[in-house]
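Residue numbers (my numbering): 833 to 1077.
Positions of the beta carbon are idealized from the N, C-alpha and C atoms, including for glycine.
In this text, all values refer to a predicted model and were calculated from it rather than measured experimentally.
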């Protein structure tokens, strides 16, 4: 138990630092807000810090308790650091839902944008109209780009914030390449819309296959004891009867 208590002491010292969760909670509660009550902000901060801090600390404490001694302390710190890095790489559920909504609206938005450009609308006006028609979350990004383009920003500047966007990055690169040629961008939008629909179909089929495999897993586990009793055990007993004296 020495290693586990030493690990807890190290964890308490780390949490009391300037970047500790307690200080951030106090700041969040004290900060005025017209939309959320202090209790809601406190719960939000607890959820935000829960995965990042409580999960690694629990993993480190479990390892330190299992190993024990100074070796347990070192192993617990290593396990906590590894768990912390893994947790930081996990994408929050809210972000995944937000990106899923943007990705679902992406092909239709590109079709509308292509139609507007073919009809002769300027890019800035087309982006604003399409963004207003699509709505949030993807439409707000398109409206913002259209506003920048309407203020005179070039394609590279207007789309700069979305060059690394997992959804809008292909359009941003195509807009930068096409510059002021609306016809070239319209053709690129049609092609990207077709590619996005093909990718969505492939993801749906992969999800269906994964769900099918997961659904069959309990049935396989139910048949496993019967397979062992009827297939493996008689074979082992037969070999043992012939080999053993």
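Item, Value
"Pull up the distance between the alpha-carbon of residue 1000 and that of residue 934, whole angstroms please.", "9 Å"
"For residue 1006 and residue 978, which I take to be in contact (beta-carbon distance under 8 Å), what is that distance rounded to the nearest angstrom?", "That pair is no contact at about 16 Å."
"By the DSSP assignment, the alpha helix (DSSP H) with residue 997 in it spans what residues?", "Note, residue 997: premise wrong, no alpha helix (DSSP H); not H, not E."
"Who are the near neighbours of residue 971 in its chain, counting only those whose CB is closer than 8 Å to its CB and skipping five residues on each side?", "937, 941, 962, 963, 964 and 965"
"What distance in whole Å lies between the Cβ atoms of residue 1018 and residue 939, which are believed to be in contact at a cut-off of 8 Å?", "Actually they do not touch by this definition, with Cβ atoms about 15 Å apart."
"Report the rounded CA-to-CA distance for residue 991 versus residue 1003, giving the unit in angstroms.", "9 Å"
"In chain order, which continuous runs of the alpha helix (DSSP H) of length 4 or greater are located wholly inside the stretch 932–1018?", "955–966, 970–982, 987–990 and 1001–1010"
"State the start and end residues of the unbroken alpha helix (DSSP H) segment that holds residue 1068.", "1065–1075"
"Check whether the Cβ atoms of residue 895 and residue 911 sit closer than 7 Å, and answer yes or no.", "yes"
"Report the rounded CA-to-CA distance for residue 947 versus residue 915, giving the unit in angstroms.", "49 Å"
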